[in-house]
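Working notes for the structure below.
2 protein chains.
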Amino acid sequence: MWKANPIASRLQVKWPIIQAGMAGGTTTPELVAAVSAAGGLGTLGAGYMSAEQIRQAIRAIRELTDKPFAVNLFIPEEFDGEQPVASTVAIAMNDVRERLGIPADPAVTRYAEPFAEQMAVVIEEQVPVFSFTFGMLEPRWMAELKQRGVTVVGTATTVREAVALEASGVDMIAAQGSEAGGHRGSFLPDSPSNLVGTMALVPQIVDRVNIPVIAAGGIMDGRGIAAAFALGAQAVQLGTAFLTCVESGAHPEYKRAVRETNDEATVITRAFSGKSARGIENEFMTLLAPHDSELPPYPVQNALTRDIRTAAAKQNRTEYLSLWAGQAAFLSRGLRAEELVAKLVEETERVVSGLR
Amino acid sequence: MWKANPIASRLQVKWPIIQAGMAGGTTTPELVAAVSAAGGLGTLGAGYMSAEQIRQAIRAIRELTDKPFAVNLFIPEEFDGEQPVASTVAIAMNDVRERLGIPADPAVTRYAEPFAEQMAVVIEEQVPVFSFTFGMLEPRWMAELKQRGVTVVGTATTVREAVALEASGVDMIAAQGSEAGGHRGSFLPDSPSNLVGTMALVPQIVDRVNIPVIAAGGIMDGRGIAAAFALGAQAVQLGTAFLTCVESGAHPEYKRAVRETNDEATVITRAFSGKSARGIENEFMTLLAPHDSELPPYPVQNALTRDIRTAAAKQNRTEYLSLWAGQAAFLSRGLRAEELVAKLVEETERVVSGLR
């Protein structure tokens, strides 16, 4: 049965439907709490948040609901903020800054929020579920989380990554297919392709690990949910579907762009953050595309585009905003989160009944 | 119900399971007939076959079974065989020829089999089902096929292509997700991405056309079949799953490579034919990758690599063979086609029952 399964009981949720931890202001406490209150699992996308912001958000969520929820963080990596940026990249970005009327070559004071500080809050606040992406969790954090009974979810885009995550002690794997919007969770190198579609990825991971698998990528409605369970997943994670919800903090023009897109419109880009992510193709991506190999890595490029994204948001200029979205974004609905969860459940029931 | 549906009854098959029309010798009359005899729909991948070869194969299939089957052809496009090949491409290919001990710069006498001659046989032989890829069928052929009661299936990789095909009068759409092995059926230009995963592609096409949709891409077992029906498809098309069947004409080393691959091993390449296709990455792809933008288009590059592929096959050198395979190729099983069809049905039943 798709409803009663190990993940739902382990997560203590009514429905095995997870709202993905989209970073960058989309996952407001209101969205997270509404999803959890409706019987799913809301996730605070806290990758770009400071420790203090995370603490405030967790408390705000707990004001709104007593149901379980998750916090998602990015595994940090080494970087060199002193490395000079390629002049071609700097010129292209300053050209965009000129169009937006903001100063050229802004000083960057902070590249990424300190991970240890972020983790300290996750542990102190004893969040029910902790999910992460971009790598593996250090054993000391894993041990601390386990000791406090936190359910730990790692993100894999290939079988190799899923196997490595299982060995590291995670409780569940989020299998992120190539359809997924936003950042690719990929972390193991030397892969001819880590853009494996959900239909191919989920069953291959299910066959190779002994822990439950959460399917992500291209799932927007009851059809996708029923399909994911057919593939062997025990829960689903939806990002784009929740991005256009009323409670989501995504920019109104971003929501509109997502709802008006089509299946061909998204591409994988490194332009905004230095890490591969899927979004609706726009001018910023096109301008930076010729310089892809010269872009600084994450989190440097992410920090370098912060002023551009902030100004673009203020000026409602979607052509310079990161419009992360999955390949089925057109199926998103702009409902309240509670309505969306109810609809997803009802649709999944209907699809499952119809298959017999 | 997944079994009793408009496609199964229209195609007069017991199970809505189609063996894809893989070109290049894989779809022997034995394979096609075995799939059809087992209650599925076998397809002769006749894209590279001459009219006379197609006629012989159709007759051989009919000797083996009285069940319906399909013939698949490639929609031709304009090309200029006189255009000189870029010297970088010519050098790289002659380097491969030297490694294989075959003459440099062979004369090419035939680029593609004449489509009108191929179609004449399909019409004369009144095949039950005709499927095509790489474009749209000219109205005169569509009219002739319809008049003879042939069921016509077009291949789409995007919603736009599906809508265009429906308008052209096809009876069904094969929706080819990005996981699929072999050539991409894409034919409409100006798309940021036509690599849409099956999970995202199928429901979006189902919502936009009024004719039945056949899901393809990443489907290897009952889990994939049940998932495809959940997404709204009314039939499934499997290529890689049938490629390793006993009756398949694929080179034994090619079958072995497919069964020993993994989810990360395939990439999209134009190296072998000038058209994008998914296969297991090998040395030939790697050697030609730096010259991708200089490759001649299909069918010129396809004709230019024919001697290389032939010699590589004779010498069991998989590093120079086109190893077309989907992203879930590792799940293929090397059974007899009859056993595979029976297993697929049994598995699908089990998955569907388990979902309730």
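Each protein sequence line maps, in turn, to chains E and H.
Position 14 of the first sequence, counted from 1, bears residue number 1467 in my numbering, the numbering being contiguous throughout.
Position 328 of the second sequence, counted from 1, bears residue number 1781 in my numbering, the numbering being contiguous throughout.
Glycine included, C-beta positions come from ideal geometry on N, C-alpha and C.
Under three-state DSSP, which class holds residue i?
i	result
H1636(H)	strand
A1609(E)	strand
A1742(H)	helix
V1810(E)	Coverage of chain E is limited to positions 1454 through 1809, which leaves residue 1810(E) absent and any answer about it impossible.
L1808(E)	helix
A1473(H)	coil
R1789(E)	coil
V1699(H)	coil
V1538(E)	coil
R1601(H)	coil
P1760(H)	Reading off the sequence shown, one finds Asp at residue 1760(H), where the question assumed Pro. It is helical.
D1674(E)	coil
Q1506(H)	helix
K1456(E)	coil
L1684(H)	coil
E1619(E)	helix
A1573(E)	helix
V1485(E)	helix
N1647(H)	coil
R1770(E)	coil
L1654(E)	helix
T1479(E)	coil
Q1465(H)	coil
N1755(H)	helix
Y1707(H)	helix
I1528(H)	coil
Just to confirm before moving on: does the CB-CB distance between residue i and residue j stay below 8 Å?
i	j	result
A1565(E)	P1752(E)	yes
S1584(H)	T1693(H)	no
V1699(E)	A1686(E)	no
F1695(H)	L1484(H)	yes
V1649(H)	T1610(H)	yes
G1732(E)	A1778(E)	yes
A1615(H)	R1661(H)	yes
I1626(E)	M1589(E)	no
L1494(E)	I1471(E)	yes
A1523(E)	V1580(E)	yes
L1526(E)	G1500(E)	yes
V1794(H)	W1468(H)	yes
V1659(H)	N1715(E)	no
R1803(H)	G1677(H)	no
Would you list the one or two residues that DSSP bridges to residue i?
i	result
N1663(E)	Per DSSP, none; premise fails for N1663(E).
M1625(H)	V1606(H)
A1523(E)	T1496(E) and V1582(E)
R1731(E)	G1635(E) and I1721(E)
Q1690(H)	I1471(H) and A1669(H)
W1777(H)	G1732(H)
Would you call residue i buried or exposed, if buried means 16 or more other Cβ atoms sit within 10 Å of its Cβ?
i	result
R1593(H)	exposed
N1604(H)	Looking at the sequence shown, residue 1604(H) is not Asn but Thr. Answer is buried; the Cβ neighbour count reaches 16.
N1769(E)	exposed
D1760(H)	buried
K1728(H)	buried
K1520(E)	buried
Q1536(E)	exposed
S1806(E)	exposed
T1481(E)	buried
K1708(H)	buried
P1656(H)	buried
V1465(E)	What sits at residue 1465(E) in the sequence shown is Gln, not Val. Looking at its Cβ environment, which holds fewer than 16 other Cβ atoms inside 10 Å, Q1465(E) is exposed.
G1630(E)	buried
Q1600(E)	exposed
E1562(H)	In the sequence under discussion, the amino acid at residue 1562(H) is Thr, which differs from the Glu named in the question. So T1562(H) counts as exposed.
E1551(E)	exposed
N1663(H)	exposed
R1637(H)	buried
T1763(H)	exposed
Can you pull the chain C residues whose beta carbon is under 9 Å from the beta carbon of residue i, in chain order?
i	result
E1734(E)	Of the protein chains in this structure, namely E and H, none is chain C.
Beta carbons nearer than 7 Å to chain H: which residues of the stretch 1621-1639 of chain E have them? G1630, S1631 and E1632
Short-range partners of chain H found in the stretch 1540-1572 of chain E, where Cβ spacing is below 9 Å: none
Using a Cβ-Cβ cut-off of less than 7 Å, list which residues of the stretch 1707-1724 of chain H approach chain E; keep chain order. Using a CB distance below 7 Å, the part of the stretch 1707-1724 of chain H facing chain E consists of N1715, D1716, E1717, A1718, T1719 and V1720, ordered along the chain.
Taking a cut of 9 Å between CB atoms, which residues from the stretch 1645-1668 of chain H lie near chain E? P1645, S1646, N1647, L1648, V1649, G1650, T1651, M1652, A1653, L1654, V1655, P1656, Q1657, I1658, V1659, D1660 and A1668
Check each residue of the stretch 1671-1688 of chain H: if its Cβ is closer than 9 Å to any Cβ of chain E, include it; give the result in chain order. G1671, I1672, M1673, D1674, G1675, R1676, G1677, I1678, A1679, A1680, A1681, F1682, A1683, L1684 and G1685
Give the residues from the stretch 1765-1780 of chain E that approach chain H closer than 9 Å (Cβ to any Cβ), ordered along the chain. G1779 and Q1780
Using a Cβ-Cβ cutoff of 8 Å, what residues of the stretch 1605-1616 of chain H are near chain E? List them in chain order. T1611, V1612 and R1613
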